[in-house]
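Taking it in order: structure first as structure tokens, then the write-up.
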Amino acid sequence: MPPVRVFVPFLLILGTAAGLTAADKRGGFTYPPRFDGARVEVYKTVGDVKLTLHVFEPATGPKADRPAVVFFFGGGWTNGSPAQFERQCRHLAARGMVAITADYRVGSRHGVKPTACLADAKSALRWVRAHAARLGIDPKRIAAGGGSAGGHLAAATATVPGFDDPADDRSVSCLPNALALFNPALVLAPLPGLAAPLNSERVSAERFGTAPESFSPAHHVKRGAPPTIIFHGKADTTVPYATAEAFARAMQAAGNRCELVGYEGQAHGFFNYGRAGGRYAETLAAMDQFFVSLGWIAAPSR
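Pasting the structure below:
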């Protein structure tokens with residue numbers, strides 16, 4: 002079998018070329034988002050930019066020590082909207098979780114590199130954990146989730162060292178307790194069996210703002226990583242399925258729980274609500290079952 006090329010740097014081009022306009026047409030992912038019934042919390046201020054969390058809470062049930070999940074949207078670290086995960090948040094809130102969709106800085110709006118995106122993601126998780134008591138969240142049951150570049154951010158909070166905001170309280174952990182990833186960008190540099198990216202390492206480093214390997218979740222997998230589920234289309238040409246397989250192998254070899262769910266014939270973004278021919282409902286149900294398996298929510302009544 003010939004080596005599989007890593008196309009992940011193309012996400013940066015895709016985010017610039019397709020941008021939010023294409024996202025609006027596909028799924029109504031508007032920016033800035035407006036959500037009925039969600040509370041808005043500012044987790045970080047950078048200059049005059051206030052970064053927010055949109056918090057969906059269960060309408061009934063306990064008000065303390067609830068499991069939580071923080072989602073990060075996709076868009077090549079360049080565009081995107083927290084609206085991408087509104088439907089998933091509403092579902093999980095109805096199931097008893099505090100479900101949060103996070104805003105973070107991106108290239109098109111804030112002129113930042115992907116390294117700043119990761120700093121924001123780590124800040125968001127630290128803020129949620131630091132304010133867990135007020136939010137009614139169990140600080141030991143905070144998951145991270147995301148799609149594409151947002152999936153990279155979620156995975157990187159669990160695996161990639163560094164890239165912390167100097168203003169963060171580092172005594173508060175940014176490590177999530179579980180991961181739910183949707184066609185995530187997990188391999189940003191060569192691995193055995195995966196050839197070098199189409200872009201040179203120098204060009205990729207310029208785009209990412211750092212050496213690709215230092216920013217690549219697959220290159221930093223260790224024992225003790227959180228339980229993980231990955232949903233990935235087998236026909237994805239933006240983030241090839243082989244990269245998800247490589248990450249899953251590394252996780253399992255390190256003794257970590259990692260389940261990869263592949264979808265035949267599905268391309269990038271197949272999990273989004275409203276995607277014609279996609280698998281939104283199937284991925285939602287499988288994510289629900291994943292949290293049931295962790296004991297975070299009860300099995301749905303029949």
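Counting in the numbering used here, the sequence shown runs from 2 upward without gaps. C-beta: ideal position from N, C-alpha, C; glycine also. Fair warning: this is a prediction, and the values are worked out from it, not measured in the lab.
- By the Cβ test, the segment 90 to 102 is not in contact with the segment 157 to 166, since fewer than three Cβ pairs between them sit closer than 8 Å.
- Proline 218 is positioned such that its CB atom lies closer than 8 Å to that of histidine 153.
- Straight-line spacing of the CA atoms in glutamate 214 and phenylalanine 74 works out to 22 Å.
- The DSSP assignment places complete beta strand (DSSP E) segments of no fewer than 3 residues inside the segment 207 to 258 at 229 to 234, in order along the chain.
- Distances from the alpha-carbon of valine 99 to those of Thr284, Trp78, Asp139 and Tyr242 put Asp139 closest.
- Asparagine 184 is not a Cβ neighbour of alanine 144, given a cutoff of 8 Å.
- The beta carbon of alanine 299 is closer than 6 Å to none in its chain, skipping five residues each way along the sequence.
- Nearest to alanine 65 by C-alpha distance, out of Val240, Ala236, Ala134 and Ile101, is Ala134.
- DSSP, read as helix, strand or coil, puts glycine 148 in strand.
- Nearest Cα to glycine 62 within the set Gly137, Glu42, Val262 and Gln253: Gly137.
- Judged by their CB atoms, arginine 224 and alanine 255 are nearer to each other than the 8 Å cut-off.
- Of Gly97, Val43, Thr79 and Cys175, the smallest CA-CA separation from tryptophan 297 is found for Gly97.
- With fewer than 16 neighbouring CB atoms inside 10 Å of its own CB, aspartate 37 falls in the exposed class.
- With respect to the 8 Å criterion, arginine 127 and valine 50 are not classified as neighbours on the basis of their beta carbons.
- Rounded to whole angstroms, glutamine 85 and proline 33 show a C-alpha spacing of 12 Å.
- The shortest C-alpha to C-alpha distance from threonine 79 to any of Pro59, Thr102 and Lys114 is the one to Lys114.
- Contact between leucine 180 and glycine 146 holds: their C-beta atoms lie close to 7 Å from each other, under 8 Å.
- When only Cα atoms are considered, aspartate 237 and serine 149 end up about 11 Å apart.
- Contact between arginine 142 and proline 193 fails: their C-beta atoms lie close to 35 Å from each other, not under 8 Å.
- Boundaries of the beta strand (DSSP E) harbouring valine 47: 40 to 47, taken from the DSSP string.
- Using a 10 angstroms sphere on the CB of proline 227, the tally of other CB atoms reaches 16 or more, which defines it as buried.
- Look at phenylalanine 86 here: in three-state DSSP terms it is helix.
- Valine 240 counts as buried, since at least 16 other C-beta atoms from the protein chains shown sit within 10 angstroms of its C-beta.
- Judged by beta-carbon spacing, alanine 103 lies within the 8 Å limit of valine 71, meaning their Cβ atoms are closer than that value.
- If you draw a straight line from the Cα of glutamate 202 to the Cα of valine 47, it comes to about 30 Å.
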